[in-house]
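Structure first, commentary second.
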Amino acid sequence: MSNALLEVMPEFKDIKDAGLRDKAMTVWTEAMAVGRWTFDDLRDMPFTLLIKEPGVSLVSHTRAVTRTAMNIAQVLDEAYKGKVKVNWDTLLAGALLHDVGKMFEYKREGGRFVQSENGRLLRHPVSGAAFASRFDLPPEIIHIIAAHSKEGDGLRRTIEAVIVNHADFVNFDALKE
Ligand SMILES: [Fe+2]
């Protein structure tokens, strides 16, 4: 199972702390199990329901957001010579998990992905944060999931959450009609 997840999202390997990597991967695989999604479903799943036929999967989006976040962190580090402290593992785990709540926000209707009843009540930042909290992850990572979208606009985001929020929006807005 984990190997299959590493194949679709190899960026998990860039999390340095093996214990954290395992926990973050478990959140993904357990969320898939609860949502009854297979890896085939995952490949077909659009990254958003807000753009009609975005042609980009949730996996591609998650990987792009994660790589964008890694690059932002590297630029900040180089430009400001360690003045801005970004926790690499927190950033990566948060980026890889930011949309895990979509496992509960979507359902299949016929061949199409549509919003689930749960998704109407709790959007993915909330359901994802609530689900991930059950796996003993540091609160800084739950914060990134909860605060990555407009739900977090009233919060004082950590630097890692600021990076994921912007990485997510640049990847979303670039594909908006
Ligand atoms: Fe996202």
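To get our numbering, take the position in the sequence shown, counting from 1, and add 107. A virtual CB, placed ideally from N, CA and C, is assigned to each residue, including glycine. Please read all numbers here as calculations on a predicted model, not as lab measurements.
Check                                                                                                                                      : Outcome
Can you tell me the Cα-Cα spacing of residue 132 and residue 215, whole angstroms?                                                         : 24 Å
Please identify the residue among 177, 160, 157 and 243 whose C-alpha is closest to the C-alpha of residue 269.                            : 177
Any heavy atom of ligand 1 within a distance shorter than 7 Å of the CB on residue 205?                                                    : yes
Quick one, are the C-beta atoms of residue 208 and residue 238 less than 8 Å apart?                                                        : yes
If we call anything under 8 Å between Cβ atoms a contact, is residue 201 one with residue 267?                                             : yes
Please name the residue, chosen from 253, 272 and 181, that lies closest to residue 233 on a Cα-to-Cα basis.                               : 253
In or out: residue 128 buried (at least 16 other Cβ within 10 Å) or exposed?                                                               : buried
Assuming residue 161 contacts residue 282 (C-beta within less than 8 Å), just tell me the rounded distance between them.                   : 6 Å
DSSP on residue 164, reduced to helix/strand/coil?                                                                                         : strand
In its own chain, which residues sit with a C-beta less than 8 Å from the C-beta of residue 191, not counting the 5 before and 5 after it? : 183, 184 and 266
For the alpha helix (DSSP H) containing residue 128, name the first residue and the last one.                                              : 125-142
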